[in-house]
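Keeping their order, the protein sequence lines are chains D and W.
Those letters in the first sequence? Residues 16 to 187, by the working numbering.
Those letters in the second sequence? Residues -1 to 506, by the working numbering.
See structure below.
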Amino acid sequence: MKDMMLKSLVTPAVTIPAPKPDDAALAELARAVNERSRQLLGHSLAIREVDAGSCNGCELEIHAINNAIYDVERFGIKFTASPKHADVLLVTGPVTENMKFALQRAYDVTPDPKWVVAVGDCACTGGVFAGSYACAGSVKDIVPVDLHIKGCPPTPLDLLRGLLALMETVSR
Amino acid sequence: MFFSTQPVSTKPWPRYIVDAATWNKCADAFAAGTHSLFGLWADSHLDNPAAGAEIHMAIYENATHKLAVATLPAPDGVFPSVARKHAPAARLERTIMDMHGLRAEGAVDTRAWLDHGKWRQAQPLAVQPAPRGDVATAVADYAFLPVDGEGLHEVPVGPIHAGIIEPGHFRFSANGEAVVRLEEKLGYVHKGIEKLFIGADIARGAKLAGRISGDSTVAYAFAYARAVEQATGTVAPPRALYLRALMAELERIANHFGDVGAICNDAAFAFMLAHTGILREETLQLCHALFGHRLMMDVIVPGGVTADIDAAGADKVRAWMAAAEKRFDKLMRIYDDAASLKDRTNNTGHVSRKLVDRFGAGGYVGRASGRAFDARKNLPYAPYDTLNFDMPVLHTGDVNARLWIRRIEIAQSFAMIAQLLDAMPAGALCAPVAATTAGEGIGVVEAFRGDVLVWLRLGADGNIARCHPRDASWFQWPLLEASIENNIIADFPLCNKSFNCSYAGHDL
Ligand code: SF4
């Protein structure tokens, strides 16, 4: 183990260079983010992930942005255990009827200013599950959404670009 | 097995219509331990209500490795409870009630399971569902099993958990730190997939099957494709079979990499997650380079596959394999030498041989506790019937064993991939699916966490009349409850990760 750690001190990092923030995401995020919330947040964002009915594919890729290759934490973005500590809710899934109340509650206890990012086709439109008796609708039907990141699932790069756009908007 | 009549279908395993006496005999055989419950579901024949409701039970004979399906007509909406004799059937029977309104007579636990009283429609798979209001009031007040004793307290967790994981509710009854009982409540990610299947054409069915449990998208697409091919008499070309197995093993390796790191991380050994995270990422990048999708969604379709690899692709796989194998071996040596880490994983979350046998638990959960079952070996399907590989079985049944099984399986998968690449047949990728007006078929595939079963019936219009996917998790979730008993709450994440059951695959 020691030799692996030593080696990682002298070899270049595996982490990829920062991707450019997604233009479409920047445009979507152009809604007013007021000066005060910018000051409050500085250059860090705490994210609470909420699986509101996903197939778990989106979760796999959200996990991936934490790995050493994408290393989302270097941008000041970190995941937190409680919505009470979060600035951003990252929501996946077609919002099942059985998860609607939990999502609503997580949203309610997240302190202002807050942002909601809908991740994946399911969260954006209901995906292949749209219209089911067990699904309440896309995320924006339940709570206000600030940014949509499409894909089934979105790739880690898609996720990074979207989150960087959010970061840029918030801390500009 | 127990059947004196001719099977009504044989694709590829026989299905028999049985009477209540034979039905009960099957339940007795589960209780006696000669057979394992492999699935229990219903078909209300929404496409042809006159046909009446039927209950299907998949039965695996432990000694002969044979699979059969017993079908009991339930014209009056009731059937003799299997759970009354064999507890592992309980959640499946509760689900049949939730979905179809068909009642298991004599069942002890009659609480709702997937239905939390919130779906817009009650009994969504029934011909004549009970009014939503009536069912909702009955299920809304879910009663957890009572736990009494001095100094006991309850700790409710979920549905939203602390990490980036799927939602579910856990109710711990603890005495100080020690867990006396854990009771799970699931169903939060129920999306109504079985209802969406009904009336869907075969192509839409494939999309749905690939989204039952994202981490097993290849396995589900594979099992679904096999079921469709059985139902329609379609034969996928040999090259497609090899490519399917290649994808299935890549999926297994990627998931096992992730799990090994995540288990160690829950024992505060973040080093391992950092390194297996890179290994997993490189695997997914390879999958993307080969098949155009990191999780390989929608690449397996009924009739074959939609993407091919060329010689350069095969070389890429070999190069990735050589590097990953070496690095992973080194990591596992570090794991094996880390006494403080093994102190957490050894003897933690123990599951007995008796329990895995009783529940017919598949995957690493069963194999870490001595149950030698792997669908690739015991219910072999092409191309695994031609590959050379071992089925690792361990006996200590703890977190360490479930981790170590994954380690050996990764090595086995590497060996299989080498064989697949070397013997890859040339030829077509996909055969057209034969048009059929009715038919049925079963597909069983070994996903990374265990066996998945897909039962499919096509209607007179050639569309899906009923499709039932059964995840390995059904028979693993209850054992997680058992594994945490007398462990401390703080070790729950560790136990839970070592199981890594699917919420989505279970909740449907
Ligand atoms: S968008 Fe795709 S990967 Fe994400 S939850 Fe929906 S089906 Fe799964």
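Glycine included, each C-beta is placed from N, C-alpha and C at the ideal position.
Next on the checklist: Less than 8 Å between C-beta atoms, sequence neighbours within five positions excluded: which residues of the same chain meet that for Leu477 (chain W)?
Outcome noted: Val349, Leu353, Val354, Phe357, Ala359, Val363, Phe497, listed in sequence order.
Next on the checklist: Closest to Asp372 (chain W) by C-alpha separation, out of W:Leu451, W:Ile158, W:Met330, would be which residue?
Outcome noted: Comparing Cα positions, the closest option is W:Leu451.
Checklist entry - Counting only beta-carbon atoms, is Tyr186 (chain W) nearer than 8 Å to chain D? => result Yes, Tyr186 (chain W) lies at the interface with chain D (some Cβ there is under 8 Å from its Cβ).
Next on the checklist: Report the CB separation of Ser7 (chain W) from Leu123 (chain W) in whole angstroms; it is logged as a contact under 8 Å.
Outcome noted: Going by Cβ atoms, the distance from Ser7 (chain W) to Leu123 (chain W) rounds to 20 Å, so no, they are not a contact pair.
Checklist entry - In chain W, which residues lie with their C-beta within 8 Å of the C-beta of Ile77 (chain D)? => result Within chain W, the C-beta atoms nearer than 8 Å to that of Ile77 (chain D) come from Ile162, in chain order.
Checklist entry - Would you call the CB atoms of Pro171 (chain D) and Glu76 (chain D) closer than 8 Å? => result By the CB criterion at 8 Å, Pro171 (chain D) and Glu76 (chain D) fall inside the cutoff.
Checklist entry - Which term fits Gln410 (chain W), buried or exposed, when burial requires 16 or more other beta carbons within 10 angstroms of its beta carbon? => result With 16 or more Cβ atoms within 10 Å of its Cβ, Gln410 (chain W) is classed as buried.
Next on the checklist: Below 7 Å, is the gap between the Cβ of Gly301 (chain W) and the nearest heavy atom of the ligand SF4?
Outcome noted: Gly301 (chain W): no, Cβ never under 7 Å from the ligand SF4.
Checklist entry - Taking only beta-carbon atoms, is Thr343 (chain W) less than 8 Å away from chain D? => result No, its Cβ sits nowhere closer than 8 Å to a Cβ of chain D.
Item to check | Selected residue, minimal CA-CA separation from Val158 (chain D), among D:Gly91, D:Glu64, D:Gln119 | outcome: The candidate whose alpha carbon is nearest that of Val158 (chain D) is D:Gln119.
Item to check | Within-8 Å CB hit, Ser147 (chain D) to chain W | outcome: Ser147 (chain D) counts as touching chain W.
Checklist entry - Going along chain D, which residues have a C-beta under 7 Å from Trp117 (chain W)? => result Near Trp117 (chain W) (Cβ distances below 7 Å), the residues of chain D are Glu112, Tyr148, Ala149.
Checklist entry - Roughly how far, in whole angstroms, is the beta-carbon of Ser367 (chain W) from the beta-carbon of Arg351 (chain W), given that I think they are within contact range, below 8 Å? => result Contact between Ser367 (chain W) and Arg351 (chain W) holds, with the beta-carbon distance rounding to 5 Å and staying under 8 Å.
Checklist entry - For Ala47 (chain D), which residues of its own chain have a beta-carbon under 7 Å away from its beta-carbon, when the five flanking residues on both sides are left out? => result Here the model assigns Ala47 (chain D) a pLDDT of 45, short of 50, so the residue's position is not dependable, and the following value carries that caveat. Residues of the same chain with a CB within less than 7 Å of the CB of Ala47 (chain D), apart from the 5 flanking positions on each side, do not exist.
Next on the checklist: DSSP has Phe170 (chain W) in a bridge; who is on the other side?
Outcome noted: For Phe170 (chain W), which the question treats as bridged, DSSP gives the partners W:Val153, W:Leu180.
Item to check | Nearest-angstrom beta carbon gap, Leu70 (chain W) and Val16 (chain W) [assumed within contact, 8 Å] | outcome: Going by Cβ atoms, the distance from Val16 (chain W) to Leu70 (chain W) rounds to 6 Å, so yes, they are a contact pair.
Next on the checklist: Output needed for Leu241 (chain W): all residues of its chain with C-beta closer than 6 Å, excluding positions within five of it in sequence on either side, in chain order.
Outcome noted: Here the set comprises Val303.
Next on the checklist: Quick check on Ser211 (chain W) - is its C-beta less than 8 Å from some C-beta in chain D?
Outcome noted: Closer than 8 Å to some Cβ of chain D, the Cβ of Ser211 (chain W) qualifies, so yes.
Checklist entry - Using a C-beta cutoff of 8 Å, does Ala47 (chain D) count as contacting chain W? => result Note on Ala47 (chain D): pLDDT 45, under 50, position unreliable in the model; no value is reported.
Next on the checklist: Can you give me the C-alpha to C-alpha distance between Asp113 (chain W) and Ala83 (chain D), rounded to a whole angstrom?
Outcome noted: Asp113 (chain W) and Ala83 (chain D): Cα-Cα distance of roughly 40 Å.
Checklist entry - Is any beta-carbon of chain D found at less than 8 Å from that of Ser496 (chain W)? => result At least 8 Å separates the CB of Ser496 (chain W) from every CB of chain D.
Checklist entry - the ligand SF4 heavy atoms versus the CB of Asp136 (chain D): any closer than 7 Å? => result Yes, the Cβ of Asp136 (chain D) comes within 7 Å of a heavy atom of the ligand SF4.
Next on the checklist: At a threshold of 7 Å, does Thr20 (chain W) count as lining the ligand FMN (C-beta to nearest heavy atom)?
Outcome noted: Questions concerning the ligand FMN fall outside what the structure shown contains, since the ligands it does hold are the ligand SF4.
Next on the checklist: Quick check on Glu164 (chain W): does DSSP put it in helix, strand or coil?
Outcome noted: Secondary structure of Glu164 (chain W) (DSSP, three-state): coil.
Checklist entry - For the stretch 118 to 132 of chain D, which residues have a CB atom closer than 9 Å to at least one CB atom of chain W, in sequence order? => result Listed by position along the chain: Leu118, Arg120, Ala121.
Checklist entry - Just how far apart, CA to CA, sit Asn461 (chain W) and Lys193 (chain W)? => result Within the model, the alpha-carbon separation for Asn461 (chain W) versus Lys193 (chain W) is close to 13 Å.
Next on the checklist: Between Cys139 (chain D) and chain W, is any beta-carbon pair separated by less than 8 Å?
Outcome noted: So no, Cys139 (chain D) is outside the interface.
Next on the checklist: Strictly under 8 Å for the Cβ-Cβ distance: is Pro300 (chain W) near chain D by that measure?
Outcome noted: No, no contact with chain D.
Checklist entry - Going by beta carbon distance, what residues of the same chain come within less than 8 Å of Gly425 (chain W), once the five residues before and after it are set aside? => result So the qualifying residues of the chain are Pro235, Pro236, Arg237.
Checklist entry - The beta strand (DSSP E) with Ser59 (chain W) in it runs from where to where? => result The amino acid at residue 59 (chain W) is misidentified as Ser; the sequence shows Glu. For Glu59 (chain W), the enclosing beta strand (DSSP E) starts and ends at 52 to 59.
Checklist entry - Contact check, Ala229 (chain W) vs Thr434 (chain W) under 8 Å by CB: the rounded distance? => result The pair is a contact, with the Cβ atoms about 7 Å apart (cut-off 8 Å).
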